[in-house]
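K.L.:
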Amino acid sequence: MTTTEEPVRLQSPELAAMTLLKLKTVATQLGVDGAARMKKDALVEAIVDLQAKNREAAKAEREARREARNNRKKESKPAANTTQDSDNASNDDAPSSNNDRGSRHDRHDRGRGRDRNRDRNNRDRAPREEREPVLSEDDVLVPVNGLLDILDSYGFIRTSGYLPGPNDVYVTLQQVRRNGLRKGDVVTGQVRQAREGERKEKFNALITLETVNGMSPDEARSRVEFGKLTPLYPQERLRLETEPNVLTTRVIDLIAPIGKGQRGLIVSPPKAGKTMVLQAIANAITTNNPECHLMVVLVDERPEEVTDMQRSVKGEVIASTFDRPADDHTTIAELAIERAKRLVELGHDVVVLLDSITRLGRAYNISAPASGRILSGGVDSAALYPPKKFFGAARNIEDGGSLTILATALVDTGSRMDEVIFEEFKGTGNMELILDRRLADKRIFPAVNVVASGTRKEEILMGSEELNIVWKLRRVLHALEPQAALELLLEKMKGTKSNVEFLMQIQKTTSGPDDSK
1 MTTTEEPVRL QSPELAAMTL LKLKTVATQL GVDGAARMKK DALVEAIVDL QAKNREAAKA
61 EREARREARN NRKKESKPAA NTTQDSDNAS NDDAPSSNND RGSRHDRHDR GRGRDRNRDR
121 NNRDRAPREE REPVLSEDDV LVPVNGLLDI LDSYGFIRTS GYLPGPNDVY VTLQQVRRNG
181 LRKGDVVTGQ VRQAREGERK EKFNALITLE TVNGMSPDEA RSRVEFGKLT PLYPQERLRL
241 ETEPNVLTTR VIDLIAPIGK GQRGLIVSPP KAGKTMVLQA IANAITTNNP ECHLMVVLVD
301 ERPEEVTDMQ RSVKGEVIAS TFDRPADDHT TIAELAIERA KRLVELGHDV VVLLDSITRL
361 GRAYNISAPA SGRILSGGVD SAALYPPKKF FGAARNIEDG GSLTILATAL VDTGSRMDEV
421 IFEEFKGTGN MELILDRRLA DKRIFPAVNV VASGTRKEEI LMGSEELNIV WKLRRVLHAL
481 EPQAALELLL EKMKGTKSNV EFLMQIQKTT SGPDDSK
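Quick note, the sequence shown lines up with residues 1 to 517 if you use our numbering.
1) In terms of residues, what are the limits of the beta strand (DSSP E) holding F156?
2) In three-state terms, what does DSSP make of D380?
3) According to DSSP, is Q235 helix, strand or coil?
4) Given this structure, state the Cα-to-Cα distance separating T331 from L477, to the nearest angstrom.
5) Between the C-alpha atoms of A340 and F391, what's the straight-line distance to the nearest angstrom?
6) With DSSP run on the structure shown, which of helix, strand or coil describes L206?
7) So, with DSSP's three-state summary, where would you put A447?
8) I'd like to check one pair, V277 with E432: are the Cβ atoms closer than 8 Å?
9) Would you kindly check if the distance between the Cβ of R437 and the Cβ of A256 is under 8 Å?
10) Below 8 Å between beta carbons: does that hold for L294 and A282?
11) Would you kindly work out how many angstroms separate the C-alpha atoms of L488 and G463, rounded to a whole number?
12) Indicate the three-state DSSP secondary structure (helix, strand or coil) for D139 in the structure shown.
13) May I have the straight-line CA-CA distance separating E466 from T455, to the nearest angstrom?
14) For N396, name the three-state secondary structure that DSSP assigns.
15) Would you mind sorting T307 into buried or exposed? The rule is 16 or more other CB atoms within 10 Å of its CB.
16) By the 10 Å Cβ neighbour count, where 16 or more other Cβ atoms means buried, how is P325 classified, buried or exposed?
17) Measure the CB-CB distance between F203 and Y233 and report whether it falls below 8 Å.
18) If we ignore side chains and look at the alpha-carbon of each, how far apart do A79 and E67 end up?
19) Contact check, G261 vs L403 under 8 Å by CB: the rounded distance?
20) Would you call the region 375-383 in contact with the region 411-422, where contact means no fewer than 3 C-beta pairs closer than 8 Å?
21) Taking the DSSP output, what are the residues bridged to T188?
22) Counting only runs that start and end within the region 257-345, where is the alpha helix (DSSP H) found for 4 or more residues in a row?
23) Please say whether V176 and G155 have beta carbons closer to each other than 8 Å?
24) Among all the DSSP beta bridges, which residues are the ones paired with V411?
25) For the candidate residues K494, V344, G427, whose alpha-carbon lies nearest to that of G184?
26) Pick out whichever of S367, L229, Q279 has its Cα sitting closest to the Cα of G400.
27) In whole angstroms, give me the CA-to-CA distance for R107 and A64.
28) For the candidate residues H348, K497, N288, L298, whose alpha-carbon lies nearest to that of D328?
29) In angstroms with no decimal places, state the Cα-to-Cα distance between A382 and V144.
30) Taking the alpha carbon of I518 as the reference point, which residue from I366, A36, G259, K274 has its own alpha carbon closest?
31) On the DSSP letters alone, give me the boundaries of the alpha helix (DSSP H) that D218 sits inside.
32) Would DSSP call Y385 helix, strand or coil?
33) How many whole angstroms separate the CB atoms of V187 and V212, which I take to be in contact at a CB cut-off of 8 Å?
34) What does a CB cutoff of less than 7 Å around I469 pick up in its chain, not counting 5 residues either side in sequence?
35) Tell me, which residues are paired with V557 by DSSP?
Here it is as structure tokens:
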């Protein structure tokens, strides 16, 4: 009797967590053809398929052995009856007749055995087809909701935020494909509660899917993909001016106006007040534009600044502090931007404030696999693509929502890597706000370089009269040094209660040609 040694069965999450070298070793032991030339995703799929075939083969073998035993037991009784009948039968019967009857009985028994096997196989196959999900009458279902994170060959519902947690729910790739789920969807469903004394799985599996982003799964399947939406220049303006004494937002409204769908870069050296600028923008958006969904993404940030941002901003703050690994930084950034895309697909206006895109580039440089093409400063060329994809998602959608992204970029840090990352993003935005360290050192806030800052296509966001006055103001400020220009601007703005009053005062005191027409 030959015994088959069944290989160790691994679940797909465990396979995905293995390194490529370990996967190749496991695949070679299992007998996967061409394992040395396969990539990681192909190896995982091949191992899972092979394990499924092995399980089916082992089950079929057990069924065959059990069926053979049952047949032997049942055939022993007819054989005894046949012997008794043959003893009572007439001795005049020819041996050939007995042989014919025996052969007919054997054929009849074999036919009945095949019928029984066929019926049993059909009964076994029917529950397998209907076994998703597997529920019994005494099972208890528990509701669950969270953010869907789709990995290589499976997914998880993150129930405790944007990072993995102990109560996450496992989602199969078949469920993802069947229901048209996408990374960043907020889903609700049910999982089976573990029975008392039953071995608890590491992650509960999703049994039923109820809603996707507040819609039924059927409605969610008809969504348009974000990449197929038509991008336009920002058309609708985000007014940031709130109170007369909040000069930061008033300066931004005049020098670098922001619209829905803007892709803005806040260029800042260290200690230039970029955090205060971000907080002022966030509070202005929640005050003046409550219809916008605000997301503040803090990457590789100090813990105390995360707490300060959470307490001062009335929006969604997604943070990964500097004491966490680089993989956590990239995970929250990817899941946050995917969540924003899902909202835009539904027609919402979303504003994402990222601090900072330079640190995000550093994190990808550490966590991304090496491509072999290293730029100056030790930056891998492949590490800059994901941050560009994040920043490039900002757009105004034709006949739909908008995704506004304002990201900070660090300069003058003394790091060649930071310079290379900034050069890659320089010119990719359609709005730039330049902060000056020299102004911040002299405690002149907001430390904005009013001459270098600006917005592309600002004429779309401003009215013709307002644009004409702003251009006159720029001519006056351009003739001065950055410090003198900012001091003059702040002094004049402090004497007025609003930007409208300030611009009317500028129009009266400044003479020049009308260039807005």
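The beta-carbon is built from N, C-alpha and C at its ideal position, and this holds for glycine as well.
The model shown is predicted, which means the values in this text are computed figures rather than measured ones.
P.N.:
Reading from the atomic positions:
1) On the sequence shown, position 156 is the one that residue 156 refers to. Per DSSP, F156 is one residue of the beta strand (DSSP E) stretching across 154-158.
2) Numbered from 1 along the sequence shown, position 380 holds the residue referred to as residue 380. Judged by DSSP in its simplified three-state form, D380 adopts strand.
3) For the purposes of this step, residue 235 is identified with residue 235 of the sequence shown, where counting begins at 1. Reduced to three states, the DSSP call for Q235 is coil.
4) What you label residue 331 is simply residue 331 of the sequence shown in a count that begins at 1. What you label residue 477 is simply residue 477 of the sequence shown in a count that begins at 1. For the pair T331 and L477, the Cα-to-Cα distance works out to about 43 Å.
5) Taking the sequence shown and counting its residues from 1, the one referred to as residue 340 is at position 340. Taking the sequence shown and counting its residues from 1, the one referred to as residue 391 is at position 391. Spanning the two alpha carbons is a distance of roughly 12 Å.
6) Sequence index remark: in the sequence shown, residue 206 carries index 206 (1-based). Strand at L206.
7) Working through the sequence shown from its first residue, we reach residue 447 at position 447. In this structure, A447 counts as coil in the three-state DSSP scheme.
8) If you number the sequence shown from 1, residue 432 lands on position 432. If you number the sequence shown from 1, residue 277 lands on position 277. No, the pair does not count as a contact, with Cβ atoms beyond the cut-off.
9) Translated into positions along the sequence shown, residue 256 becomes position 256. Translated into positions along the sequence shown, residue 437 becomes position 437. Contact: no.
10) If you number the sequence shown from 1, residue 294 lands on position 294. If you number the sequence shown from 1, residue 282 lands on position 282. Cβ distance < 8 Å, so L294 and A282 count as in contact.
11) Taking the first residue of the sequence shown as position 1, residue 488 is located at position 488. Taking the first residue of the sequence shown as position 1, residue 463 is located at position 463. Looking at the backbone, the Cα of L488 and that of G463 are separated by about 24 Å.
12) Locating residue 139 in the sequence shown gives position 139, where the first residue counts as 1. Annotated three-state conformation of D139 is coil, per DSSP.
13) Within the sequence shown, numbered from 1, the residue matching residue 466 stands at position 466. Within the sequence shown, numbered from 1, the residue matching residue 455 stands at position 455. If you draw a straight line from the Cα of E466 to the Cα of T455, it comes to about 15 Å.
14) Your numbering for residue 396 matches position 396 in the sequence shown. N396 sits in a strand when the DSSP states are folded into three classes.
15) Counted from its first residue, the sequence shown places residue 307 at position 307. With fewer than 16 other CB atoms across the displayed protein chains lying within 10 angstroms of its CB, T307 is exposed.
16) Sequence index remark: in the sequence shown, residue 325 carries index 325 (1-based). Exposed.
17) Stepping through the sequence shown from its first residue, residue 203 is reached at position 203. Stepping through the sequence shown from its first residue, residue 233 is reached at position 233. With a cutoff of 8 Å on beta-carbon distance, F203 and Y233 are scored as not near each other.
18) Walking along the sequence shown from the start, residue 79 turns up at place 79. Walking along the sequence shown from the start, residue 67 turns up at place 67. Summary for A79: the model assigns pLDDT 48, below 50, so the residue's position carries little reliability; its value from the coordinates is reported in the next sentence. Near 18 Å, if we compare the C-alpha coordinates of E67 and A79.
19) In the sequence shown, counting from the first residue as 1, residue 261 sits at position 261. In the sequence shown, counting from the first residue as 1, residue 403 sits at position 403. That belief holds up - the Cβ atoms of G261 and L403 are roughly 7 Å apart, short of 8 Å.
20) Touching, yes, given that three or more Cβ pairs across the two stretches are closer than 8 Å.
21) Taking the first residue of the sequence shown as position 1, residue 188 is located at position 188. Bridge pairing for T188: N145, T211 [DSSP].
22) DSSP runs (the alpha helix (DSSP H)) wholly in the region 257-345: 274-288, 303-312, 326-345.
23) In the sequence shown, residue 155 corresponds to position 155, counting from 1. In the sequence shown, residue 176 corresponds to position 176, counting from 1. Result yes, Cβ atoms of G155 and V176 sit closer than 8 Å.
24) Indexing the sequence shown from 1 puts residue 411 at position 411. BP columns for V411 are empty, so no partner.
25) Taking the sequence shown and counting its residues from 1, one reaches residue 184 at position 184. That would be V344, whose Cα lies nearest to the Cα of G184.
26) Within the sequence shown, the letter at position 400 stands for residue 400. The candidate whose alpha carbon is nearest that of G400 is L229.
27) Stepping through the sequence shown from its first residue, residue 107 is reached at position 107. Stepping through the sequence shown from its first residue, residue 64 is reached at position 64. In this prediction, R107 has a pLDDT of 48, which is less than 50 and means its spatial position is unreliable; what the coordinates show is noted afterwards. Rounded to whole angstroms, R107 to A64 spans 19 Å at the Cα level.
28) Along the sequence shown, read from residue 1 onward, the residue named residue 328 stands at position 328. Closest option to D328, Cα to Cα, is L298.
29) If you number the sequence shown from 1, residue 382 lands on position 382. If you number the sequence shown from 1, residue 144 lands on position 144. When rounded, the distance between both Cα atoms is 37 Å.
30) With the chain covering 1 to 517 only, the question about residue 518 has no answer from this structure.
31) Working through the sequence shown from its first residue, we reach residue 218 at position 218. Here the alpha helix (DSSP H) through D218 covers 217-221.
32) As a working note, residue 385 is residue 385 in the sequence shown. In the structure shown, Y385 sits in a helix (DSSP, three-state: H, G or I).
33) Here residue 187 refers to the residue found at position 187 when the sequence shown is read from its first residue. Here residue 212 refers to the residue found at position 212 when the sequence shown is read from its first residue. Contact holds; Cβ gap of about 5 Å.
34) On the sequence shown, residue 469 is found 469 positions in, with the first residue counted as 1. Excluding five sequence positions before and after I469, the CB atoms of its chain that fall closer than 7 Å to its own CB belong to L503, I506, Q507, given in chain order.
35) This structure does not reach residue 557, given that the chain is present from 1 up to 517, and the question cannot be answered.
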